[in-house]
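Just so you know, the sequences run in chain order W and L.
Reading the first sequence from the start, the letters are residues -13 to 96 in the working numbering.
Reading the second sequence from the start, the letters are residues 4 to 117 in the working numbering.
Worksheet: the structure to be examined is printed underneath.
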Amino acid sequence: QKEVEQDPGPLSVPEGAIVSLNCTYSNSAFQYFMWYRQYSRKGPELLMYTYSSGNKEDGRFTAQVDKSSKYISLFIRDSQPSDSATYLCAMDNQGGKLIFGQGTELSVKP
Amino acid sequence: NAGVTQTPKFRILKIGQSMTLQCTQDMNHNYMYWYRQDPGMGLKLIYYSVGAGITDKGEVPNGYNVSRSTTEDFPLRLELAAPSQTSVYFCASRPTGQVLTEAFFGQGTRLTVV
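Below, the structure is given as structure tokens:
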């Protein structure tokens, strides 16, 4: 079983839609849960993160963690064409090991 | 600061050849990582290091070797290239800290094995 699972998509939505991206994980040692965004032919960049369970909001983006279900989500409100990218969840066991999901390719159509 | 620098950016290798992908960072980060990314896929961890002299296997270490003799450099060695190693390779680094620290990525090395 993979430590982190993510639906690879691709996902295509119209501009203004609400987008939901999700990951599941199996390792209870994970404490930090991150979302990275990767534009085509570029390296990933950190979008936002949460520690343990709960929600975190940053502008149009909301990250949720449910440790009891081992499930994390990223919501994008009022999606824009500039949000078109691959979104990768990532997890850290605080021992330095950083594991990524498969990534979900998102396309927001004008 | 240059950040994380990877060389080369592109390389075509023949089956059975060897090469070293170079990665250097000037941010004095203790943690360094090597990932591979196949088309349409996420990042798979090959090896990582939590400091000079310390390396550990990730999810897909077979066919690769690493060393970490200095804080700045973390080269990845392919000994006998195989077509299955055709991929984009990313090096990343991040500082240690009591709270989460961001990983910074290089621009990637596109490797084709023919």
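Beta carbons: idealized from backbone N, C-alpha and C, even for Gly.
Residue from the options whose Cα sits closest to the Cα of residue i
{"i": "residue 8(L)", "options": "110(L), 48(L), 51(L), 43(L)", "result": "110(L)"}
{"i": "residue 87(W)", "options": "77(L), 62(L), 87(L)", "result": "62(L)"}
{"i": "residue 7(W)", "options": "84(W), 66(W), 83(W), 57(W)", "result": "57(W)"}
{"i": "residue 34(L)", "options": "113(L), 105(L), 96(L)", "result": "96(L)"}
{"i": "residue 74(L)", "options": "66(L), 43(L), 114(L), 36(L)", "result": "36(L)"}
{"i": "residue 43(L)", "options": "85(W), 54(W), 72(W), 9(W)", "result": "72(W)"}
{"i": "residue 19(W)", "options": "95(W), 45(W), 91(W), 83(W)", "result": "83(W)"}
{"i": "residue 68(L)", "options": "12(L), 21(L), 16(L)", "result": "21(L)"}
{"i": "residue 76(L)", "options": "59(L), 94(L), 64(L), 65(L)", "result": "94(L)"}
{"i": "residue 43(W)", "options": "15(W), 91(W), 17(W), 60(W)", "result": "60(W)"}
{"i": "residue 40(L)", "options": "52(L), 30(L), 92(L)", "result": "92(L)"}
{"i": "residue 12(W)", "options": "-10(W), 4(W), -2(W)", "result": "-10(W)"}
{"i": "residue 39(W)", "options": "4(W), 15(W), 16(W), 52(W)", "result": "52(W)"}
{"i": "residue 85(W)", "options": "10(W), -2(W), 41(W), 91(W)", "result": "10(W)"}
{"i": "residue 66(L)", "options": "50(L), 72(L), 54(L)", "result": "50(L)"}
{"i": "residue 59(L)", "options": "-8(W), -13(W), 15(W), 81(W)", "result": "81(W)"}
{"i": "residue 21(W)", "options": "48(W), -2(W), 15(W)", "result": "48(W)"}
Inter-residue CB distance, residue i and residue j (contact presumed, cutoff 8 Å)
{"i": "residue 70(W)", "j": "residue 93(W)", "result": "5 Å"}
{"i": "residue 27(L)", "j": "residue 80(L)", "result": "Wrong, their Cβ atoms sit about 15 Å apart, outside the cutoff."}
{"i": "residue 108(L)", "j": "residue -6(W)", "result": "Their Cβ separation, rounded to whole angstroms, is 20 Å, which puts residue 108(L) and residue -6(W) out of contact at 8 Å."}
{"i": "residue 30(L)", "j": "residue 6(L)", "result": "7 Å"}
{"i": "residue 75(W)", "j": "residue 17(W)", "result": "That belief does not hold up - the Cβ atoms of residue 75(W) and residue 17(W) are roughly 14 Å apart, past 8 Å."}
Contact check, residue i vs residue j, beta carbons under 8 Å
{"i": "residue 78(W)", "j": "residue 103(L)", "result": "yes"}
{"i": "residue 116(L)", "j": "residue 78(L)", "result": "no"}
{"i": "residue 114(L)", "j": "residue 88(L)", "result": "yes"}
{"i": "residue 23(W)", "j": "residue 33(W)", "result": "yes"}
{"i": "residue 2(W)", "j": "residue 55(W)", "result": "no"}
{"i": "residue 12(L)", "j": "residue 112(L)", "result": "yes"}
{"i": "residue -4(W)", "j": "residue 95(W)", "result": "no"}
{"i": "residue 71(L)", "j": "residue 90(L)", "result": "no"}
Exposed unless 16 or more other CB atoms sit within 10 angstroms - verdict on residue i
{"i": "residue 25(W)", "result": "exposed"}
{"i": "residue 83(L)", "result": "exposed"}
{"i": "residue 15(L)", "result": "exposed"}
{"i": "residue 99(L)", "result": "exposed"}
{"i": "residue 37(W)", "result": "exposed"}
{"i": "residue 63(W)", "result": "exposed"}
{"i": "residue 90(W)", "result": "buried"}
{"i": "residue 27(W)", "result": "exposed"}
{"i": "residue 15(W)", "result": "exposed"}
Next on the checklist: At 3 residues or longer, what runs of the beta strand (DSSP E) sit wholly inside the stretch 22 to 87 of chain W?
Outcome noted: 31 to 37, 40 to 44, 47 to 52, 57 to 62, 71 to 78, 84 to 86
Checklist entry - Going along the chain, which unbroken runs of the beta strand (DSSP E) with 3 or more residues stay wholly within the stretch 30 to 74 of chain L? => result 34 to 40, 46 to 54, 57 to 60, 67 to 69
Checklist entry - Can you list, in chain order, the stretches of the beta strand (DSSP E) that have 3 or more residues and sit fully within the stretch 82 to 113 of chain L? => result 90 to 97
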